[in-house]
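So the protein sequences, as listed, match chains P and W. With my numbering, the residue at position 61 of the first sequence is 61, and numbering never jumps. With my numbering, the residue at position 389 of the second sequence is 389, and numbering never jumps. Backbone N, C-alpha and C fix where the C-beta goes; we use that ideal spot for every residue, glycine too.
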Amino acid sequence: MTVPRIQIRGLSKRLPSGNALLTVIDRIDLSIAPGEFVAVLGPSGSGKSTLLALMAGLDRPSEGEILLDGRPIQNLSEDDLALLRRRSIGFVFQSFQLLGNLTARENVLLPLELADIEGAAARADALLAAVGLSARGHHYPSQLSGGEQQRVALARAFAPEPAILLADEPTGNLDQATGRLVLDTLESLRRDSRATLVLVTHDPDVAGLADRRIHLRDGRIDREERRIAEPVA
Amino acid sequence: MASRLVAREARGASGKILFFVACLAVGVAAVVTVAGLSDGVDRGIRGEARRLLAADLAIRAERPIPSEAVRAVEALLAARPGSRRASVHEMATIVSAPGRDGTPGPSALALLKGAEEGYPFYGEIRTKPEQAARRALGPDEALVAPELASKLRIGEGDTLRIGGRDFVVRGEILSEPDTLRVGFSLAPRVLISFAGLGRTELEAFGSRVDRTMLVALAGRVDAREVETAARSVRRALPESSGVRVQTYADAQPALRDGLRRAARFLGLVALVSLILGGIGVSQAVRAWLATRVDAIAVLRCLGVRPGEVVALYTAEAALLGLAGSVAGIVAGIGMLAVAPRVLSGVLPDVPLSVWQPQAMLRGLALGTGIALAFSGPPLSAVRLVPPLRVLRREAEPLRPGGIAAILIALVLFAGVWGAASIQSGSHRIAAAFTVGIFVAAALLAGAGRLLMAGASRISGRRVRVMLRYGLAALVRPGAGTLTAVTSLGLGVLVVVALALVERGLVARLRAELPARSPNVFLVDMQTAQWADVQRILADAGATHVTGVPIVNARLVSIDGVPVAELVRRRSGGGRREWILTREQNLTYMDALPSDNVVVEGKLWSDPGRAEISIERDFARDMGASLGSKVVFDVQGVPQELIVTSLRTVDWKSFGVNFFLVVEPGVLDRAPQMRVAAARVPAGSEQPLQDRLAAEFPNVTLLKVREIVEKVAAILDRLGLAVRLVGGFAILAGIAILAGAVGATASRRGREVALLKTLGATRGGVVGVFFVEFALTGLVAGLVGTSGGCLLAWGVLTRAMELEWTWRPLVLVAAPLGTIALSVIAGIAASASALRKRPIEALRSF
Chain P
1 MTVPRIQIRG LSKRLPSGNA LLTVIDRIDL SIAPGEFVAV LGPSGSGKST
51 LLALMAGLDR PSEGEILLDG RPIQNLSEDD LALLRRRSIG FVFQSFQLLG
101 NLTARENVLL PLELADIEGA AARADALLAA VGLSARGHHY PSQLSGGEQQ
151 RVALARAFAP EPAILLADEP TGNLDQATGR LVLDTLESLR RDSRATLVLV
201 THDPDVAGLA DRRIHLRDGR IDREERRIAE PVA
Chain W
1 MASRLVAREA RGASGKILFF VACLAVGVAA VVTVAGLSDG VDRGIRGEAR
51 RLLAADLAIR AERPIPSEAV RAVEALLAAR PGSRRASVHE MATIVSAPGR
101 DGTPGPSALA LLKGAEEGYP FYGEIRTKPE QAARRALGPD EALVAPELAS
151 KLRIGEGDTL RIGGRDFVVR GEILSEPDTL RVGFSLAPRV LISFAGLGRT
201 ELEAFGSRVD RTMLVALAGR VDAREVETAA RSVRRALPES SGVRVQTYAD
251 AQPALRDGLR RAARFLGLVA LVSLILGGIG VSQAVRAWLA TRVDAIAVLR
301 CLGVRPGEVV ALYTAEAALL GLAGSVAGIV AGIGMLAVAP RVLSGVLPDV
351 PLSVWQPQAM LRGLALGTGI ALAFSGPPLS AVRLVPPLRV LRREAEPLRP
401 GGIAAILIAL VLFAGVWGAA SIQSGSHRIA AAFTVGIFVA AALLAGAGRL
451 LMAGASRISG RRVRVMLRYG LAALVRPGAG TLTAVTSLGL GVLVVVALAL
501 VERGLVARLR AELPARSPNV FLVDMQTAQW ADVQRILADA GATHVTGVPI
551 VNARLVSIDG VPVAELVRRR SGGGRREWIL TREQNLTYMD ALPSDNVVVE
601 GKLWSDPGRA EISIERDFAR DMGASLGSKV VFDVQGVPQE LIVTSLRTVD
651 WKSFGVNFFL VVEPGVLDRA PQMRVAAARV PAGSEQPLQD RLAAEFPNVT
701 LLKVREIVEK VAAILDRLGL AVRLVGGFAI LAGIAILAGA VGATASRRGR
751 EVALLKTLGA TRGGVVGVFF VEFALTGLVA GLVGTSGGCL LAWGVLTRAM
801 ELEWTWRPLV LVAAPLGTIA LSVIAGIAAS ASALRKRPIE ALRSF
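In structure tokens, the structure reads:
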């Protein structure tokens, strides 16, 4: 049996709220296979983004374990977590989060240089071409439209060929047409790289593209749905 | 209402307020410390004035006190039974321990004081053992300073030879009431009785003696009565007698004048820190207003007039200015509390209070004034916030137009000039200071702009993106690079200039004397002794021996105008009065030494007249020119001389030189002494002095090296005080850099979180910041150091006419130190941003 890419066991996260502790994630168990596309849905405050942050090692659980490729990460140091993200995890945010002082191309180059990947420049150019922005590489984020910025963010996220891509409502700030374009780009990049994708969204249409949909409510998995394999024509 | 609005406005801006207050406080602390020390020492001297004079009244002269003055004092004593007087004579002389088996004992230069019984009338002499001062000194007893005792290896009960006479050391003298221990004494003290001084016969030899007659009036006398008494003595004196009559209320006028001048100089150095604080204030106000633009637009929509908006924020700036000034005053009081310990040996030894209301008031006025002047430019933009911004966010505040901008600049210029005038007491110096500051700031800002332009142009292909990221950080909006470079650079400029001038002076002093220059001088020698002294010099291997006669005289008139009238005509007194009334040293010689150059007229060119040649600058200060007739009183005999040549003298040659040289044949029969100079081989100075002390105890040998070392040591200590004040400027620069970083904390925090999310380690992020702050420090350090070099070069070569020497250590250490300070301060100020965990990237986005 293959080792799950992401394995979560008895995961809880409690955050201080006033004098009390608020349980944001409540004893979740979850296993995500390599190459799987999982959409996480749920109302605001259900714990979607917190779950994503815990998977990325951006936050530490109150209880439970997170294993990436069978390796527990909850006890790694901040720097080890940073090194893990550098090689293995890509991130896409709802509000793009490009570094405003760097050009589009430099934003894509940044993770490649951090990871000391050879041929970084060629790869950055190839990725910009893949997201259809070859001509805009020298532009600063403020000179790009929202959709263009998010496509640069996608290129940046895929740059170091991460095994896992975590996306937090990547189309949330975009109009429908642009969102569609970004999703198509995401899907094509994912297919090429065979990365595992965990995507947080409110949008049932977006979630419809996933292999599995996980609905969160009050920090727990409310229900899970699998996409029925489409018959091969 | 206004205060409530102000309080509301300040809500949520505690970081910016803290920065505003801190920037100003550093500068105000510097101003208060300097002014407080100056006022405190001045007050301390005035408070202890009676003790410091050791009397109510003192009559001082470099020659025997005229009989008119003595009679006037006697009349005073007769009019107030119980009043007393005592004479105190001081002179530099060589004293020695007795020799053994025909070898002379060790000798040393000392300041000999012979005092009549009754001295001191106020204060006390402290000695070790304590009882040594309890009874009057006998004619064969002496008290010696501890450093002299240890140098000559003598102690209580041992013999000390003064002027060829033996004295018994009764103890060590630790302090005298009328000598402020400021570490400036060039030679250690020996105290003997007046009868003892008579035994030495040193005065009879015609040595240079400072004579003081101290008077204590009976009963409780106030300053007014003492002044009346002083006036009666002054009236009795012939005009321009050169005799000074001081009362205790005058309280060491020369020392206090010197302190005041030092305080003015240091006051300007302190003002640099305050101006840097002003730059910080300007930056803080700008950052604060940037967050208030929307609120201001709303206020405008609600009907508040532009003038009212400006008034509101000006009031707020004034309040903050007051707060910063008060914080600075508190810090200044703290500095005043520790200053006496840090500056021991530099400050006069008087009680010093930390409570200095005038200095505090000055800090408050200058602090608030500078805060308002520097808040002006950002505040003026508040007028121009369009109410439309409520509807359209992109409606930016307009920039002030031409006339407004000029007015703002003028207000700023006037503010700095006004503050400099207060600090320096001179409008002219203040103007030069203000122009200098603005030019330096403009140059630094220019360098900052170049750095930013360079940073944004560096090709992405050449450098790694993390380095590029650090470079880009310099150019980000609101990065404060310009302010940081300007303020830090100005601080570095001041400190480097001060350090280089001090080093230049000390190095010049300590520099190897030219091979032909004399390294010993012999003074107080009688003409008859010259032949034997020459023999002793020859035995010691001396070369370049020169000996010239010296005749004491007093100036009577120039071109028929009596000195008293000349003094009256020249307002300002001070040095010019001293030049006219001092005891003049005349010499005569056939040909001038090679370091003299006649620049006007011709030497000994009028066979029919008695001629004099005067050093050019001295002639100018006297008010004499070519052809002037000057009359001297040569110990009772008037002598008219005509100025037939003016000379320049290269004083740096260390040769025996005179301002006034008379044609040979005129003064040959006048009472005279001889002064000589020689170069003796290294190591033979002390044996020469020991032998001279044994054979010719009236001859005083001055060792150039020893004196130079003492002066250099004094400069070194004074330099400490100057460096401390200069250090405030660096501190202010650092505070501003840290403030600029703090102002961008939230943006930095966001970026740190994002970089960490993308896989940057903490070390990697620190590296990015390092690049940014190291470059800021590098540019500030390089430009500041260059500016400091230029300023020091100007002062040393133009004002002091010294040679310029490059000091690689300073040139390397200053920029490196600036980089280190900039990096440490910048990274420390980024600590909260660096601590941000990547989860915050998700939470806050």
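Kindly indicate if chain W contains any beta-carbon less than 8 Å away from that of P:E243. Nothing can be reported for residue 243 of chain P, as the shown portion of chain P is limited to 1 through 233.
Quickly, what does DSSP pair W:V679 with across the bridge? List them, please. Here the sequence assigns Arg to residue 679 of chain W, which means Val is not the residue at that position. DSSP, once it has assigned bridges, lists W:T543 as partnering W:R679.
Note down the Cα distance separating P:S12 from P:L58, rounded to an integer number of angstroms. 15 Å
Is the shortest distance between the beta-carbon of P:R191 and the beta-carbons of chain W less than 8 Å? no
For W:V597, count neighbouring C-beta atoms within 10 Å of its own C-beta (all shown protein chains included) and say buried if the count is 16 or more, exposed if not. exposed
Local conformation of W:S459 per DSSP, three classes: Residue placement at W:S459 is flagged as unreliable, the pLDDT there being 49, under the threshold of 50; the coordinate-derived value follows with that caveat. Three-state result, W:S459: coil.
CB of W:G40 within 8 Å of CB of W:L289, strictly: no
Run through the DSSP bridge pairs and tell me what P:D168 is partnered with. P:V200
Looking at W:L111: is its Cβ nearer than 8 Å to the Cβ of W:A195? no
Ends of the beta strand (DSSP E) at W:F167? 165 to 175
Where does W:Y588 fall in DSSP's three states? strand
Integer-rounded CB distance, given that W:M525 should sit under 8 Å from W:M673: 6 Å
Tell me which residue opens and which closes the beta strand (DSSP E) that W:R85 is part of. 84 to 96
I need the straight-line Cα distance from W:A29 to W:F770, nearest angstrom please. 30 Å
Please report whether the beta-carbon of P:Q97 lies at a distance below 8 Å from any beta-carbon of chain W. yes
Alpha-carbon to alpha-carbon, P:D26 and P:E113: 38 Å
What does P:D205 touch in chain W if you count any residue whose Cβ is under 7 Å from its own? By Cβ distance, chain W contributes nothing, its closest Cβ being about 23 Å from P:D205, past 7 Å.
Exposed unless 16 or more other CB atoms sit within 10 angstroms - verdict on W:R691: buried
So, are the CB atoms of W:T776 and W:V485 less than 8 Å apart? yes
Would you please state the rounded distance, in angstroms, between the beta carbons of W:A753 and W:K836? I believe it to be under 8 Å. 5 Å
Counting along the chain, where does the beta strand (DSSP E) carrying W:E611 start and finish? 611 to 615
First and last residue of the beta strand (DSSP E) that includes W:R60? 57 to 61
Rounded to the nearest angstrom, how far is the Cβ of W:Q534 from that of W:V545, given a contact under 8 Å? 7 Å
Just to confirm, is the Cβ distance from P:L154 to P:T185 under 8 Å? yes
Would W:G415 and W:G369 be called neighbours here (beta carbons separated by less than 8 Å)? yes
By the DSSP assignment, the alpha helix (DSSP H) with W:V506 in it spans what residues? 481 to 510
Determine, for P:N101, whether the minimum Cβ-Cβ distance to residues of chain W falls below 8 Å. yes
List the residues of chain W whose Cβ lies closer than 9 Å to the Cβ of P:A155, in chain order. What P:A155 touches in chain W: nothing, since even the nearest Cβ is about 13 Å away.
Assuming P:S142 is part of the alpha helix (DSSP H), what are its boundary residues? It is not in any alpha helix (DSSP H) - P:S142 carries neither H nor E in the DSSP assignment.
For chain W, find out if any of its Cβ atoms is closer than 8 Å to the Cβ of P:A233; answer yes or no. The predicted position of P:A233 is uncertain, since its pLDDT is 42 and thus under 50; a value taken from the coordinates is nonetheless stated next. Output row for P:A233: interface = no.
Cut-off 6 Å between Cβ atoms - residues of its own chain near W:S459, not counting five sequence neighbours on either side: In this predicted model, W:S459 has a pLDDT of only 49, less than 50, meaning its place in the structure is not dependable enough to derive any value.
Once you ignore the five residues that flank W:V666 on each side, which residues in its own chain have a CB closer than 6 Å to its CB? A610
List the residues of chain P whose Cβ lies closer than 8 Å to the Cβ of W:I839, in chain order. A53, L58, D59
Could you tell me whether any Cβ in chain W is nearer than 8 Å to the Cβ of P:L183? no
May I ask which residues mark the beginning and end of the alpha helix (DSSP H) holding W:K602? Counting along the chain, W:K602 falls outside any alpha helix (DSSP H), and DSSP gives it neither H nor E.
Mind checking whether W:A829 and W:V741 have CB atoms under 8 Å apart? yes
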